[in-house]
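Enquirer: Take a look at this one; I'll ask things after.
There are 2 protein chains.
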Amino acid sequence: MPRHCTARNTLSLQTPRRLALLPALMLGAAGLANAADLSAADAERYAQGTYREYFEVLSLPNDAIAPEDIRKNADWLEQAFRKRGFTTKQLANNGKPMLFAELPNPDAARKTVLFYMHMDGQPVIPTQWAQKSPWTPVLKHKTAQGNWEEIDSAQLFKGPLDPEWRVFGRASADDKGPIMMMLAAIDALKATGGQPAVNVKVILDSEEEKGSPSISKIMQTNRDLLRCDAIVIHDGPMHATNLPTLIFGNRGAADAKLTVYGGKVPLHSGHYGNYAPNPAQRLASLLATMKNDDGRVTIPGYYDHVKISEADRKVMAAVPDDEAALTKRLGIAHADKVGANYQEAMQYPSLNVRGMAAAAVGDKVANIVPDKAVAELDLRTTPDSSAAYLGKLIEQHIVRQGYHLVKTTPTDEERSRYDKLASFSYQSEGADAAGSPIDSAVGKWAYQSLTDTFGTAPAPVRIRMMGGTVPTAEIVGVLQVPFAIIPLVNADNNQHAANENLRMGNYVSGVRTVYSLLTHPL
Amino acid sequence: MPRHCTARNTLSLQTPRRLALLPALMLGAAGLANAADLSAADAERYAQGTYREYFEVLSLPNDAIAPEDIRKNADWLEQAFRKRGFTTKQLANNGKPMLFAELPNPDAARKTVLFYMHMDGQPVIPTQWAQKSPWTPVLKHKTAQGNWEEIDSAQLFKGPLDPEWRVFGRASADDKGPIMMMLAAIDALKATGGQPAVNVKVILDSEEEKGSPSISKIMQTNRDLLRCDAIVIHDGPMHATNLPTLIFGNRGAADAKLTVYGGKVPLHSGHYGNYAPNPAQRLASLLATMKNDDGRVTIPGYYDHVKISEADRKVMAAVPDDEAALTKRLGIAHADKVGANYQEAMQYPSLNVRGMAAAAVGDKVANIVPDKAVAELDLRTTPDSSAAYLGKLIEQHIVRQGYHLVKTTPTDEERSRYDKLASFSYQSEGADAAGSPIDSAVGKWAYQSLTDTFGTAPAPVRIRMMGGTVPTAEIVGVLQVPFAIIPLVNADNNQHAANENLRMGNYVSGVRTVYSLLTHPL
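For the protein sequence lines, the chains are A and B, in the order given. Here full-length UniProt numbering is used: the first residue of the first sequence is 1, the next is one more, and so on. Here full-length UniProt numbering is used: the first residue of the second sequence is 1, the next is one more, and so on.
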């Protein structure tokens, strides 16, 4: 804490205009003086200084399918960091370089934080976009009728800002927006002449939207360069309330495929209905043994590794999820009863039938007994329940239901020998679960930073583990340091879809957030 | 019985060459003299006299999609019956006339049998046929390697016949072969100068392969013309053993569609797996409540109307089904345990999942919670368990499982109100079940005729109810007389597929069968 205060005081003393805010800020979180925090007005000013660069970088196509495009992004970003005093290095990666940047003269007395963001974006289908090109960013405001209407972007460059304005373009939110917020935060820091309270390293992934297949190797190869005490990931959307958000983990993704076999070929349902066992019926009965009416997995052991402390339960219960609105939006009367609330449900591994098929439905339906029935499953894993663990449990369960498992289509001999035949395979989708304790040093530091800047009423949202899968495990796996995901963009940003956008109020709050992290000692 | 014997004696006395067979035949079924029956050699001779006509009629395309083709078939067949002394009448049917034919001078002391066959055939895909054209019949023999090889059809016309030869061509077995067998049997009868023991009426359907949509109307319109005491249907394949076969009914066809609803749209399985109820999982659980592991329907009442007498059970147990071979051919270790044997299983209504789908499997699979899951069912009905009865039972069962049934995609209000939402519809496929007692007068007459001709070791196969659906109900529904289906063609005739064929030994035995029916008084 002394170092914490020192760092902030150092900064605040060097920014006279911020001193005026001291009395109010001193009533902030934990009763500490937060003089180092950037005011909304200042953040808006520094943000504004970067909007032309923001438009410029959004004009660079960045689908990682095209290495030449990635190189242009890496070059542009390298210059942007260099002109702010960073030392930089492009990290070779099969023609799609990643960018490393570091503030010079690290202080050995300070902890080092590695900020992870990514320069690449999702593929685009230009015809789906309500603008000239996904690579020509535009400014839009919402009309009285609730439609997004393009307005002159000069208004943005000139100000004043309407925080509800949005910039539309691929990667506007995911993830070039956060990169620009960091650059603006650095500008703010430079303008005050201050030194950050942590040593700052940055890595910009070039293949995140392809599942970060190379980040782990890059981390290995550049282990010394990237050495740090903590990793902060600025990616993904904030909580739907747009409150400051901290995420301490995410589930991993695995998939599995279950095929139940019937006769050798589809059979006439008149001649063989009631005689040839129906694999669709059998698949249904088998799946029915795996989950109960509450949606809870009934395979023994499936939830055994889930451990949630009372403290964690309190943190999760405090997340301001509007479940009534959520179930209404999803179109369901009640959620499955896996957890006491949405956040708790996400702490459990899932077993989800993501696809199912036997013969045909609709126009092509025929009066047959199908020859096989397939269920495609996806299993969301948790740090304690891996794909291997869950897959094996399911496999053992299937065998206990009387099935003989085959690798491929059964042979005649297998068909005559075993009454119940199925194949089952499972694999990690390459993105494992990741988790970092809420009360780790990083967790406390990040929470303190956000409450110092944004207050505690309402408090920042802390997500113990998000349900979806992002490549956190790949990012943090090599360095094995605690981490926090600190998303900065609005939840309704159309991430991965057409008309991706960033709410400009989030740009400003993001600058404040990064500034806060930079100026709070870990 | 006296009339029975009289008829046969009348005939046999007029065919001296058959007298030589008397002693052997007197050891036949029921110890009665069977002198009236046509010997295999005679049958072969009369059959041979019709082979050129058989080739001619097989050269006439007969897909009922083309009315002009049907008219050519009707005209050709009308001439064929007329030249054998029948009075004929084309029955108007939207440009696709059916043919009625009757032997003149019916005897009021005799019962009248209406023989039903059909002139139309299945559509063809010529490229799938191993011959010049499906409409150019060819003779083939089986090579030592087990392949069917074309041979000169002059061998057929000239004789002697190899009973294993087959004629390939559309409708060779289904159903022009049986029509020709009847014509040959009439020729045999004429040659002996005999009168049949029953009054003979014939109706040739022109749209059987389209599901006989018009036969019922034609029966209504021509009720007086078609009046009879019994209906014999010569259609479909004989038992796989190729033993003389009698069928006393068939199951009907109904279908049903069950859709279970989840959220309004497919949902991200990371963010909502464990939270949004999965409709595929729920469909599976629902289907699992409908049938047990033995394949028996567990919906209360589903089998309540199935009544099988001990006598029927004996008849069914006597059917020489080779179930070991059957299960091997189907590729299953064990059959469902609905009946004690294959025949018994077919006496029960079925509930078959003929298709099932939720989201996608394979290449298009995605990590989502599907928004709905569909099961397409087909229900084979029995005379006592109609589509309406079975459908209602299933519907009530679904409601008992807690589902609120909707007609179409649920509204927002329904979604928020009901936890479990599904739609369920069912309908007859227009072909109802039909059944005629095995021990009806027709049943006894047909069985006696076949045993007189073919003996009792082995006995003819009696099928109480076949599993598949044929339009028997439509054929017999209007006239409401007992019936028997007496198939004449080999089971492996590729009916409905490419390379349809008739085993020529079956042509000959078919002539004997029809001759036997014609000469046995009902």
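Note that the Cβ used here is the ideal one computed from N, Cα and C, for glycine as well. Here the structure is a predicted model, which is why all the values come from computation and not from measurement.
1. Would you please verify whether the beta carbon of GLN281(B) is less than 8 Å from any beta carbon of chain C?
2. Please report the distance separating the alpha-carbon of GLY477(B) from that of ALA41(B).
3. Have a look at ASP321(A) and PRO244(A) and give me their C-alpha separation to the nearest angstrom.
4. Measuring straight from C-alpha to C-alpha, what distance separates ALA197(A) and ASN222(A)?
5. Which residues in chain B have a C-beta closer than 7 Å to the C-beta of PRO277(A)? List them in chain order.
6. Is the Cβ of MET356(A) closer than 8 Å to any Cβ of chain B?
7. Say whether the segment 191-211 of chain A touches the segment 160-168 of chain A, bearing in mind that this needs 3 or more beta-carbon pairs closer than 8 Å, one atom from each stretch.
8. Within 10 angstroms of the Cβ of GLN343(B), are there 16 or more other Cβ atoms? Answer buried if so, exposed if not.
9. What residue does the beta strand (DSSP E) around MET356(A) start on, and which one ends it?
10. Quick check on ARG227(B): buried or exposed, where buried means 16 or more other Cβ atoms within 10 Å of its Cβ?
11. Looking only at its chain, what residues have a beta carbon closer than 6 Å to the beta carbon of VAL319(B), apart from the 5 residues adjacent to it on each side?
12. State yes or no: is the C-beta of PHE100(B) within less than 8 Å of the C-beta of LEU225(B)?
13. Name the chain A residues whose beta carbon is nearer than 8 Å to that of SER350(B)?
14. Under 8 Å between the Cβ atoms of ARG415(A) and ILE486(B)?
15. Quick one, which of ILE463(B), GLY468(B), VAL338(B) has its alpha-carbon nearest ASN367(A)'s?
16. If I measure Cβ to Cβ from ASN292(B) and keep anything under 8 Å in the same chain, skipping five residues before and after, which residues do I get?
17. Is the CB of THR10(A) under 8 Å away from at least one CB in chain B?
18. With DSSP as the reference, identify every bridge partner of GLY435(A), one or two as the case may be.
19. Please determine if the segment 278-287 of chain B and the segment 262-278 of chain A are in contact, where contact requires at least 3 C-beta pairs separated by less than 8 Å.
20. Taking only three categories from DSSP, how would you classify MET466(A)?
21. Could you check the C-alpha separation between PRO300(A) and HIS397(A) for me, to the nearest Å?
22. Near ILE179(A), what residues of its chain come up, given a Cβ to Cβ distance below 6 Å and the 5 sequence neighbours on each side ignored?
23. I'd like to know if TYR507(A) contacts chain B, where contact means its C-beta is closer than 8 Å to some C-beta of that chain.
24. Within 10 Å of its beta-carbon, does VAL265(A) have 16 or more other beta-carbons around it, so buried, or fewer, so exposed?
25. Just to confirm, is the Cβ distance from PHE55(A) to ALA230(A) under 8 Å?
26. For a contact meaning CB atoms closer than 7 Å, what does SER416(B) contact in chain A?
27. By alpha-carbon positions, which one of PHE86(A), SER212(A), ALA185(A) ends up nearest to ASP65(A)?
28. According to DSSP, simplified to helix, strand and coil, what is GLY295(B)?
29. So, with DSSP's three-state summary, where would you put MET26(B)?
30. Nearest-angstrom Cα distance between GLU323(A) and VAL470(B)?
31. Please name the residue or residues paired with GLU149(B) in a DSSP beta bridge.
32. Buried or exposed: PRO23(B), going by 16 or more other Cβ atoms within 10 Å of its Cβ?
33. Taking only runs of the beta strand (DSSP E) that begin and end inside the segment 173-228 of chain B, which ones reach a length of at least 3 residues, in chain order?
34. If you draw a straight line from the alpha carbon of ALA256(B) to that of ASP312(B), how long is it in whole angstroms?
35. Do three or more CB pairs link the segment 356-367 of chain B to the segment 351-363 of chain A at distances below 8 Å?
36. Name the chain B residues that come within less than 8 Å of LEU517(A), Cβ to Cβ?
Expert: In brief:
1. Of the protein chains in this structure, namely A and B, none is chain C.
2. Going by the C-alpha atoms only, they are around 38 Å apart.
3. ASP321(A) and PRO244(A): Cα-Cα distance of roughly 14 Å.
4. Rounded to whole angstroms, ALA197(A) to ASN222(A) spans 24 Å at the Cα level.
5. Contact annotation for PRO277(A) against chain B: GLY295, ILE332, ASP336 [CB-CB distance below 7 Å, chain order].
6. Yes, its Cβ sits closer than 8 Å to a Cβ of chain B.
7. Not touching, per the Cβ criterion.
8. Label assigned to GLN343(B): buried.
9. First-last of the beta strand (DSSP E) with MET356(A): 352-359.
10. Looking at its Cβ environment, which holds fewer than 16 other Cβ atoms inside 10 Å, ARG227(B) is exposed.
11. Hits under 6 Å: GLN343, VAL461.
12. Yes, the pair counts as a contact, with Cβ atoms nearer than the cut-off.
13. The contacting residues are SER269, GLY273, ASN274.
14. Taking the C-beta atoms as reference points, ILE486(B) is found no nearer than 8 Å to ARG415(A).
15. In this structure, GLY468(B) is the residue among ILE463(B), GLY468(B), VAL338(B) with its C-alpha nearest to the C-alpha of ASN367(A).
16. Taken in chain order, the residues that qualify are THR298.
17. Caution applies to THR10(A), whose pLDDT of 28 falls short of 50 and renders its modelled position unreliable; the model cannot decide the point.
18. Looking at the DSSP assignment, GLY435(A) forms a beta bridge with GLY249(A).
19. Flag = no, the segment 278-287 of chain B and the segment 262-278 of chain A do not touch.
20. Residue state, collapsed to three classes: strand.
21. When rounded, the distance between both Cα atoms is 8 Å.
22. Only MET117 meet the Cβ criterion.
23. Residue contact check for TYR507(A) against chain B: no CB pair falls below 8 Å.
24. When all chains shown are included, VAL265(A) counts as exposed.
25. No, the pair does not count as a contact, with Cβ atoms beyond the cut-off.
26. Those within 7 Å of SER416(B) in chain A are LYS328, ALA333.
27. Looking at the sequence itself, residue 65(A) is Ile, so the reference to Asp does not match. Ranking PHE86(A), SER212(A), ALA185(A) by Cα distance to ILE65(A) puts SER212(A) first.
28. It is coil, neither helix nor strand.
29. Summary for MET26(B): the model assigns pLDDT 35, below 50, so the residue's position carries little reliability; its value from the coordinates is reported in the next sentence. Taken through DSSP and simplified to helix, strand or coil, MET26(B) comes out as coil.
30. The straight-line gap from Cα to Cα measures roughly 55 Å.
31. Beta-bridge partners assigned by DSSP to GLU149(B): HIS141(B).
32. The pLDDT assigned to PRO23(B) is 35, lower than 50, so where the model puts this residue is not dependable; a value taken from the coordinates is nonetheless given after this. Exposed, since its Cβ has fewer than 16 Cβ neighbours within 10 Å.
33. With a minimum length of 3 residues, the continuous beta strand (DSSP E) runs that stay inside the segment 173-228 of chain B are 199-205.
34. Near 30 Å, if we compare the C-alpha coordinates of ASP312(B) and ALA256(B).
35. Short answer: they touch.
36. Contact note: LEU517(A) does not reach chain B at a C-beta cutoff of 8 Å; the least C-beta distance is about 26 Å.
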